[in-house]
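Just below is one structure, and these are the notes that go with it.
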């Protein structure tokens, strides 16, 4: 079995195996004509269940054939222009190359003696991102597994900076459409059930600063401790960007930690056209960025950044076998000193390769394209009497629903939209997401593929309308 270990004696086998796998994937990408096959759980499960993992095939080609049957054939392909559902981006080739390199070398980014140059590359990228945000010379940060972990770490730092042991008195303020990880983080951090105060949003789904000011004042009057305000730089459902300058002013007035969840909107940091939409982010105490959303990176590639590097000490623990305290005096850089994770992939390499090949402007151009596409999609929806569109996009998300001309029952309209989404997914012709607005079911396009066109959007809208009309027609037939 030593023949399967990657080392100097198996380098040629490694080359052949990886090449064979890459060729399979490349062939699949070249011939995929739909984002999904429409396979069901009941149809796919028996294939997986029938595999005996205690009986290996002992042949790479045979395993790849099996993988085609259980995964590659029916995977959901984000690169397809009619994948319009979640915050999944098509990935750029330099980042995929970086993924191949980091997996083979397998550096662990917790300590210098496991990563060497990887540590310095990650630190350089954190400095670059902090400069793009405008956090100042004392900024720092660390790569994370994703926005949820970044938000958790930022709120951990905010909790510690609040300097109280009475966790029940701590309050976090976030808009009513902020990411669910804010509430999850509060629970993980041992805060009370009322810790997260939901702040109303305006018609554009942006936090109402008047309401925030009122809640902060009420918090002070009730003798509670305002721990953090979480402003969102691109909400998951609407792509809405909270009024960051006004929120920053209130945080300064009340002495509250300001966290900006820019997991989605961080692409604006590279934008050539729309950077001003995220003005105010430079005043944050901490920021979440997900490069695997709007920098076209493979999962995972994310980071949390802070204005004051000293606050990262709240995540620091020293272990004699790993990062003893003496290493700080010896100026040995150990990233585990800043991270909630110990063993950690060298995910920073993917962004490094992307910047070195494409440059930040190349990333920004791609993100600007999808923002422009969303603006055009909004015009299509606003002009189409079959659909109700919720807000004009700030980023690349469109939330809408089909409104039949002769149906007035809201519940019936809900069912028609739910059916249309399900039927579209089952057909494999396109994949769209869904959400609720004011208790009603809506559909969602998350546009992160520059290859998607307005013609694609128009075609998918026609498919949605067709499925909804079929459902309503069938419902009338059954009722008659």
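Numbering (the working numbering), first residue to last: 463 to 942.
Using N, Cα and C, we set each Cβ at its ideal position, and we do this for glycine too.
Review point. Is residue 838 closer than 9 Å to residue 919 when the C-beta atoms are compared?
Key: yes
Exercise for review: Please confirm whether residue 640 and residue 765 have their CB atoms less than 9 Å apart.
Suggested key: Cβ atoms of residue 640 and residue 765: not closer than 9 Å.
Practice item. Have a look at residue 942 and residue 499 and give me their C-alpha separation to the nearest angstrom. Key: For residue 942, the predicted structure reports a pLDDT of 48, less than 50, and the residue's modelled location is therefore unreliable. A value from the coordinates is still provided. Cα to Cα, the separation comes out at about 34 Å.
Check your understanding: Does DSSP put residue 587 in a helix, a strand or coil?
Key -> helix
Review point. Could you give the C-beta distance for residue 601 and residue 768, rounded to a whole number, given that I count them as a contact under 8 Å?
Key: 7 Å
**Study point:** Residue ranges of each alpha helix (DSSP H) within the region 475-531, 4 or longer
**Key:** Qualifying alpha helix (DSSP H) stretches, in chain order: 503-511.
Exercise for review: Can you tell me which of 658, 672 and 562 puts its alpha carbon nearest to the alpha carbon of residue 688?
Suggested key: 658
**Study point:** Length of the line joining the Cα atoms of residue 597 and residue 744
**Key:** 5 Å
Review point. Cα separation between residue 906 and residue 756?
Key: 17 Å
Exercise for review: State the DSSP-derived secondary structure class of residue 815, mapped to helix, strand or coil.
Suggested key: The answer is helix: DSSP assigns residue 815 an H, G or I state.
Point to revise | residue 748 (DSSP reduced to helix, strand or coil) | key: In the structure shown, residue 748 sits in a strand (DSSP, three-state: E or B).
Point to revise | Backbone secondary structure at residue 603 - three-state DSSP | key: Note: residue 603 maps to strand in three-state DSSP.
Check your understanding: residue 689 by DSSP, collapsed to three states: which one?
Key -> strand
Check your understanding: Are three or more beta carbon pairs between the region 529-541 and the region 550-562 nearer than 8 Å?
Key -> yes
Exercise for review: For residue 890, name the three-state secondary structure that DSSP assigns.
Suggested key: coil
Practice item. Let me know the secondary structure DSSP gives residue 701 once reduced to three states. Key: coil
Review point. Can you list, in chain order, the residues of its chain whose CB lies under 7 Å from that of residue 876, leaving out five sequence neighbours each side?
Key: 902 and 903
Review point. Excluding the five sequence neighbours on either side, which residues of its own chain have a C-beta within less than 7 Å of the C-beta of residue 645, listed in chain order?
Key: Within the same chain, residue 645 has close Cβ partners 658.
Point to revise | Chain-order list of residues whose beta-carbon lies under 6 Å from that of residue 819 (same chain, five-residue window excluded) | key: 556
Exercise for review: Just the C-alpha distance for residue 574 and residue 761, rounded to the nearest angstrom, thanks.
Suggested key: 24 Å
Review point. So, helix, strand or coil for residue 859, using DSSP?
Key: strand
Review point. Which residue or residues does DSSP assign as beta-bridge partners of residue 547?
Key: Partner(s): none; residue 547 has no beta bridge.
Exercise for review: Closer than 7 Å by C-beta to residue 739: which residues in its own chain qualify, once you throw out the five before and the five after it? Chain order, please.
Suggested key: The answer, listed in chain order, is 703, 730 and 856.
Review point. Under a three-way DSSP split, which group does residue 942 fall into?
Key: Note on residue 942: pLDDT 48, under 50, position unreliable in the model; the coordinate value appears next. Coil, per DSSP.
Point to revise | Per-residue DSSP class, three states only, for residue 753 | key: helix
Check your understanding: Do three or more CB pairs link the region 605-623 to the region 712-723 at distances below 8 Å?
Key -> yes
Exercise for review: Give me the Cα-Cα distance between residue 678 and residue 665, rounded to the nearest whole angstrom.
Suggested key: 22 Å
Review point. Who are the Cβ neighbours of residue 524 in its own chain at under 8 Å, not counting the five residues just before and after it?
Key: none
Check your understanding: Are three or more beta carbon pairs between the region 580-589 and the region 795-813 nearer than 8 Å?
Key -> yes
Point to revise | Boundaries of the alpha helix (DSSP H) in which residue 676 is found, first to last residue | key: Looking at the DSSP string, the run of the alpha helix (DSSP H) that includes residue 676 is 671-683.
Point to revise | Alpha-carbon spacing of residue 885 relative to residue 507, whole angstroms | key: 20 Å
Review point. Which class does residue 633 belong to by DSSP, given the choice of helix, strand or coil?
Key: strand
Point to revise | Span of the alpha helix (DSSP H), counted from its first residue to its last, around residue 610 | key: For residue 610, the enclosing alpha helix (DSSP H) stretches over residues 609-623.
Review point. What is the rounded straight-line gap between the Cα of residue 835 and the Cα of residue 829?
Key: Those two C-alpha atoms are separated by around 10 Å.
Exercise for review: Please determine, among 483, 488, 496 and 464, the residue with the shortest C-alpha to C-alpha distance to residue 893.
Suggested key: 496
Exercise for review: Using the DSSP secondary-structure output, state which residues sit across from residue 897 in a beta bridge.
Suggested key: Answer is 904, bridged to residue 897.
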